[in-house]
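Here the structure is laid out as structure tokens; the discussion comes afterwards.
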Amino acid sequence: LKPYLAIPSLKKYEVMTAKLNLSLAYTYLGEYNRAKPFLLEVLAETSPETERLLYSNALRLMGCLELFRNDLPTALDYLGKAAQSLNQSSSLDHYLCRKWIAICQFMMSPKKADFREHLEEVRKEACQIQHWESMRDIDFHLATTLKDKKMFQHLYCGTPISNYRRRLLEAFGPAEIPT
8 LKPYLAIPSL KKYEVMTAKL NLSLAYTYLG EYNRAKPFLL EVLAETSPET ERLLYSNALR
68 LMGCLELFRN DLPTALDYLG KAAQSLNQSS SLDHYLCRKW IAICQFMMSP KKADFREHLE
128 EVRKEACQIQ HWESMRDIDF HLATTLKDKK MFQHLYCGTP ISNYRRRLLE AFGPAEIPT
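With my numbering as the guide, the letters of the sequence shown map in order to residues 8 to 186.
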């Protein structure tokens with residue numbers, strides 16, 4: 008994406024989309040300090056009135072980035088703004104905001120039954136819409152927050168992706184790795 012961003016004839020929307028995608032890649036790799044400047048730039052250069060989807064996705068990704076950095080109050084703030092900017096639409100983007108809000112609330116208060124129940128409802132919705140990545144995200148945070156060994160083993164054995172396994176091990180802590 009960096010060479011793409013160097014093309015001088017790109018329109019603003021194309022540049023902002025590339026920067027959002029680049030920040031997504033950096034966030035996935037755990038390189039949050041490299042992702043954040045791109046997200047801040049997208050937020051500064053877009054608005055909810057003219058580029059609502061770009062703007063809300065940048066807010067959502069910023070919320071996820073802060074959640075992964077364990078700054079849960081800041082994450083919840085960004086995620087709430089993202090959901091609000093989508094005006095309660097029934098889109099997948101709005102669902103993803105609600106999912107990350109539910110994960111964040113659960114992580115902040117894992118013993119609070121309401122938050123656990125809400126997270127389970129969001130998980131059921133992911134199953135209904137067949138959004139398997141969301142189910143895996145929710146299971147990841149349930150397993151790592153509750154230190155659920157059975158769920159950890161299910162997630163670990165269920166993916167061949169080494170980066171995901173590494174993130175799971177880092178978040179879960181010392182664990183017996185299934186063979």
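Backbone N, C-alpha and C fix where the C-beta goes; we use that ideal spot for every residue, glycine too.
Which residue marks the beginning of the alpha helix (DSSP H) containing Ala90, and which one marks its end? Leu79 to Ser92
Bounding residues of the alpha helix (DSSP H) (the contiguous stretch that carries Ser169): Ser169 to Phe179
Where does Thr24 fall in DSSP's three states? Annotated three-state conformation of Thr24 is helix, per DSSP.
Using a Cβ-Cβ cut-off of 7 Å (strictly less than) and excluding sequence neighbours within five positions of Arg41, which residues of its own chain qualify? Closer than 7 Å at Cβ, skipping near neighbours: Tyr33.
Let me confirm a value: Thr166 is counted as buried when at least 16 other C-beta atoms fall within 10 Å, else exposed. Which label applies? Exposed, since its Cβ has fewer than 16 Cβ neighbours within 10 Å.
Around the Cβ of Leu149, are there at least 16 other Cβ atoms within 10 angstroms (buried) or fewer (exposed)? buried
Residues near Ser63 by beta carbon distance below 6 Å, same chain, minus five either side: Answer for Ser63: Ala89, Ser92 and Leu93, listed in chain order.
Which runs of the alpha helix (DSSP H), 4 residues or longer, sit entirely within the segment 37 to 85? 39 to 52 and 59 to 75
Between the segment 171 to 182 and the segment 136 to 155, do three or more beta carbon pairs fall short of 8 Å? Because the criterion of three Cβ pairs below 8 Å is met, the segment 171 to 182 and the segment 136 to 155 touch.
Please state whether DSSP places Glu140 in a helix, a strand or coil. helix
Straight-line CA distance for Arg172 to Pro10? 30 Å
Could you say which of Gly70, Arg76, Lys19 and Pro44 lies nearest to Thr57 if we only look at CA atoms? Lys19
Using 10 angstroms around the beta-carbon of Asp144, count the other beta-carbons present and answer buried if the total reaches 16, otherwise exposed. buried
Could you check what DSSP says for Ala120 in three-state terms: helix, strand or coil? helix
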